[in-house]
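Asks: Residue 1035 in this note's numbering sits at position 397 of the sequence shown; the count goes up by one each step and never skips. Think of the CB as a built atom: it goes at the ideal place given N, C-alpha and C, for glycine as much as any other residue. I have a structure I would like to understand better, so I am pasting it below and will then ask my questions one at a time.
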Amino acid sequence: MEAGGGAGEHKKASLRPAGQNRPGPMKRMRTLLLLFLCVIGATPLGGVQYDDYDDFDDPQTLGTNATDPSAPDVRGHRPLTRGRDVYSHNRHTRPPISGASRYNGRPTAPSRGRPVEEEKPVHRESGGCSYGDGELGVLCPNGCELKTALLKQEKSVATSINELTPLVNDLSRSSNVVYNYATDMSNSLTERQRLIGDNGRVINQFTDQVEEQHAFIKDTVDNMFPSTLRVLQGVVEKLRLKIEKLEKAIYKQREECKEPCETKCPIPVVTGKECEEIYRHGGTESQMYLVQPDPLVAPYKVFCDQSSNKGGWLLIQNRLDGSVDFGRRWDEYRRGFGNVAFDVGKGYCQTPGEYWLGNERIGQLTKMGPTELLVEMEDWTGAKVHAQYRQFTVESESTNYVLAVSGYSGNAGNCLLDGALELFGVNRTMTQHHGASFSTHDRDNDKWSPGDPSKQCAREDGGGWWYNRCHSANPNGRYYVGGAYNKQMAKHGTDDGVVWMNWKGSWYSLKAISMKIRPLFASG
């Protein structure tokens, strides 16, 4: 029994749980594997950088699905360089100007009708205007000023001719007297030589001197005097031809000036600090006007939209046909460029052209008080949308014209504040335009490696703009007819068209887009 009991006890001991003795190798491996999986599961994804998301296939993380060839190729930003390039968002941007408006609500029954135009408009630059000039505020001279200049020149030339004619006549008479004297002297010498024969050395010596003098006088009379006379006659003939030409030009101007001089594009008499004040003064027709926000600055021409959304809008930017190149330098964007408006046969400039008002003027207008912005756009099918901001401010050149906006409404998508909705995280943040400085291809102020010419938004994207790194909106980009374009068509392979990403994406260039500002006032 004891032997059997000892055997049973040994059997039970061999069946004890492994945990009561040293664990086996298989058990240890399973334990380590479970511990490793728990550590991996507890590690947060917040430690993963946005530029490392190419290692994942989650489209909600990437903004685009790298495994889906039909997904949009978003190029409104510039991708981060893995492990080295860090984007820092400017969190200290001053908000746009707000507060009390300079205007109350609109009158209930504003006076309407065409503005009264002067019969003979008199402006700082009189005579008309030329809208292909490329410079804002330049008017061309009229024919009557040319007539005045020609008449002044005619008087001056006629006076010179009258003074020159007596001198020429005196010179001609003097030359004839000298010529006759020389001829008489030559005849006397010939007769003397015939009479004296060979009277000796003294006579021969005297004769040699006389002959030398005779040769000199004869050469002068035969060569120098006629040459000088011919030159003077040529001068007189040229002057005569010029006088005849001037007389014909004056006659032509007199014929053309029989009718009163008229400008091709008369500017209405009504004016103001901006288009809203013009509207309240009775200028309710949409056309070109003169504005003068600052009494110390000369007035300049703008296009006033007096029909969209109750009117009073001053056009600061307009793209409609690609006729004006927006790939300009810093100084041109500061001053402004393009064609404000032109006439299509109605006698006044009621059709806006493509132009940029100028950063100095835009900044001065927005700093006068709370200003709202209206961005209207159209695609190539005729569909139209808009984006409106209740506050819009552009700072001075000392800040590189920093942009500040707030209070979005509309149906185009809030590109300026939200950035591109196709992107996520910092990739979206770097496409926001609020707080960005203005950049051109010769003045790099964007946040994409400042100072590196190989990483410059304005150079790649075709125009001056408030680039971040780089954009979700690019109204001043290259103009592509038809809308859709691709990397092969783009100069640098980037989305450099007239883009508003939150409406049409990166690779669709709009047919038309305009930016208009107006003083913010209570509706009424």
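(1) With DSSP as the reference, identify every bridge partner of Y1046, one or two as the case may be.
(2) Please state the DSSP three-state secondary structure of F1076.
(3) In angstroms with no decimal places, state the Cα-to-Cα distance between V873 and S824.
(4) Using the rule of at least 16 other Cβ atoms within 10 Å of the residue's Cβ for burial, across every protein chain shown, is L934 buried or exposed?
(5) Run the proximity test for S1144: is its beta-carbon closer than 7 angstroms to any non-hydrogen atom belonging to the ligand SAM?
(6) Return the CA-CA distance between F694 and N1065, expressed in angstroms with no decimal places.
(7) When we look at the beta-carbon of M862 and count the other beta-carbons within 10 Å, is it buried (16 or more) or exposed?
(8) How big is the Cα-Cα spacing for E1033 and I1000?
(9) With a threshold of 16 other CB atoms inside 10 Å of the CB of P990, please say whether the residue is buried or exposed.
(10) Examine the Cβ distances between the segment 1108–1115 and the segment 1128–1139 and report whether three or more of them are shorter than 8 angstroms.
(11) Could you check which residue in H1024, I735 and H1071 has the C-alpha nearest to that of G1048?
(12) List the DSSP bridge partners of M823.
(13) Since T1009 is in the beta strand (DSSP E), which residue starts that stretch and which ends it?
(14) Give me the DSSP bridge partner(s) of K1022.
(15) With distances taken Cα to Cα, identify the nearest neighbour of W1141 among A1021, K896 and G1100.
(16) Have a look at the DSSP bridge pairing and note the partners of I916.
(17) Within the chosen definition, does the segment 968–984 reach the segment 1002–1015 through at least 3 CB pairs nearer than 8 angstroms?
(18) DSSP state of Y971, grouped into three classes?
(19) Given V940, which residues of its chain have a CB within under 6 angstroms of its CB, disregarding the five upstream and five downstream residues?
(20) Rounded to whole angstroms, what is the Cα-Cα separation between L683 and S1144?
(21) By DSSP, does G872 sit in helix, in strand, or in coil?
(22) So, at 6 angstroms on beta carbons, what are the nonlocal neighbours of P937 in its own chain, with the 5 sequence-adjacent residues on each side left out?
(23) Mapping the DSSP letters down to three states, classify I799 as helix, strand or coil.
(24) How far does the alpha helix (DSSP H) with I1000 in it extend, from its first residue to its last?
(25) Quick one: is A1058 buried, meaning 16 or more other Cβ sit within 10 Å of its Cβ, or exposed?
(26) What is the DSSP secondary structure of M862, reduced to helix, strand or coil?
(27) With distances taken between CB atoms, is the gap from F1076 to N956 smaller than 8 angstroms?
(28) For V760 and Y1039, what's the separation of their Cα atoms in angstroms?
(29) Rounded to whole angstroms, what's the CA-CA distance from N1052 to Y1123? Just pull it up for me.
(30) According to DSSP, is Y927 helix, strand or coil?
(31) Start and end of the beta strand (DSSP E) containing R1154?
(32) Between the C-alpha atoms of S1036 and W994, what's the straight-line distance to the nearest angstrom?
(33) Name the two residues that bound the continuous beta strand (DSSP E) containing R957.
(34) Taking K1142 as part of the alpha helix (DSSP H), name the residues at either end of that continuous run.
(35) Grouping DSSP H, G and I as helix and E and B as strand, with all else coil, what is T922?
(36) Can you tell me whether DSSP reads K939 as helix, strand or coil?
Replies: According to the data block:
(1) Looking at the DSSP assignment, Y1046 forms a beta bridge with Y1027.
(2) coil
(3) 33 angstroms
(4) exposed
(5) No copy of the ligand SAM appears in this structure; indeed no ligand is present at all.
(6) Because F694 carries a pLDDT of 29, less than 50, the predicted location of this residue cannot be relied on, and the following value inherits that uncertainty. Rounded to the nearest angstrom, the two C-alpha atoms are 16 angstroms apart.
(7) exposed
(8) 9 angstroms
(9) buried
(10) Counting Cβ pairs under 8 angstroms, three or more are found: they touch.
(11) H1024
(12) DSSP, once it has assigned bridges, lists no residue as partnering M823.
(13) Counting along the chain, the beta strand (DSSP E) containing T1009 begins and ends at T1009 to E1016.
(14) E1016
(15) A1021
(16) In the DSSP assignment, no residue is bridged to I916.
(17) no
(18) Helix at Y971.
(19) V929 and L952
(20) With a pLDDT of 36 at L683, under the threshold of 50, the modelled position of that residue is not reliable, and the figure given next carries that caveat. In this structure, the alpha-carbon of L683 lies about 29 angstroms from that of S1144.
(21) helix
(22) L928 and Q930
(23) Here I799 sits in helix by DSSP.
(24) N997 to T1004
(25) buried
(26) helix
(27) no
(28) A caution first: V760 carries a pLDDT of 40, below 50, which makes its placement in the model too unreliable to give a value.
(29) 23 angstroms
(30) strand
(31) For the record, residue 1154 in the displayed sequence is Lys; it is not Arg. Taken as a continuous stretch (DSSP letters only), the beta strand (DSSP E) holding K1154 covers A1150 to P1157.
(32) 20 angstroms
(33) W951 to R957
(34) M1139 to K1142
(35) coil
(36) Note: K939 maps to strand in three-state DSSP.
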